[in-house]
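Structure first, then comments.
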Amino acid sequence: MKVAKGKGAAPRRDNKKEALKPVEDSKLGKRKAAVKPNKSTKKVAKKDEVAKKDPNKPKRPPSAFFVFLEEFRKVYKEEHPNVKAVSAVGKAGGEKWKSMSKAEKVPYETKAAKRKLDYEKLMTAYNKKQETAAEEEDDDVGDGESEKSKSEVSHEEEEETAEDDDDEDDDDEDDD
DNA sequence: CCAATGATTGTTTAA
DNA sequence: TTAAACAATCATTGG
């Protein structure tokens, strides 16, 4: 066995409708996020048990909504410099997001799609690393001074923003 | 003092 | 196909 002691349940989104009706009912109840990475003290980086902490693990690409939010948040802050909770922007952003036409989301989706492509690329690189790591599969614990043979792992560090903003006019505006 | 929470929707992924 | 988890953000709160 080996049961994961800390993580047992998956309490995140306790919504009701979603289970019965997978459609966008726009009735969100407060979906919370309960995620506990490891123990406490963030910088620990120590893995007493089994901490699969992948520093290279690429995070999920932001959805069109998030891309929109990034900009929206900035704007919202200007109009509401006294905003206190992040939820305020979330609510306002979500509300407006729904208010926008699909065509207006297109540019956001496009950017999000691009982000996704990068994600896949990162995933490939991450995958490769995993493979290399699998070779040794050494339980590097505590000491962590094992440098291993860090041959050149290619400098695939994410930092390549293709700034090609010219061909963004291919949008077939689907007017509804 | 640090971690977690709250709120939004979309995507990602495992089963 | 579905259900669930997680992506950013940041002030506030709790342990």
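Take 21 as the starting number for the first sequence in the numbering used here and just add one per residue.
Backbone N, C-alpha and C define an ideal beta-carbon position, used for all residues, glycine too.
Keep in mind the model is a prediction, meaning the values are calculated, not measured.
Reduced DSSP category for residue 127 - H, G, I as helix; E, B as strand; rest coil:
helix
Look at the alpha carbon of residue 104 and the alpha carbon of residue 131, and state the distance between them as a whole number of angstroms.
In a straight line, the C-alpha of residue 104 is about 29 Å away from that of residue 131.
Helix or strand or just coil, what does DSSP make of residue 102?
Here residue 102 sits in coil by DSSP.
Indicate the three-state DSSP secondary structure (helix, strand or coil) for residue 83 in the structure shown.
When DSSP states are grouped into helix, strand and coil, residue 83 belongs to the coil group.
Helix, strand or coil at residue 121 [DSSP, three-state]
coil
Exposed or buried, what is residue 95 when buried is set at 16 or more other beta-carbons lying within 10 Å of its beta-carbon?
exposed
Looking only at its chain, what residues have a beta carbon closer than 6 Å to the beta carbon of residue 116, apart from the 5 residues adjacent to it on each side?
none
Determine, using beta carbons only, whether residue 139 and residue 87 come nearer to each other than 7 Å.
no
What do you get for residue 89, buried or exposed, if any count of 16 or more other CB atoms within 10 angstroms of its CB means buried?
buried
Our contact map puts residue 92 next to residue 109 with C-beta atoms below 8 Å; I'd like the distance itself, whole angstroms only.
7 Å
Measure the alpha-carbon distance for residue 122 versus residue 85 and round it to whole angstroms.
Their Cα atoms are separated by approximately 12 Å.
Enumerate in chain order the residues of its own chain whose CB-to-CB distance from residue 136 is below 7 Å, with the five nearest sequence positions on each side excluded.
81
Spatial neighbours of residue 124 in its chain, beta-carbon cut-off 7 Å, leaving aside the 5 residues before and after
none
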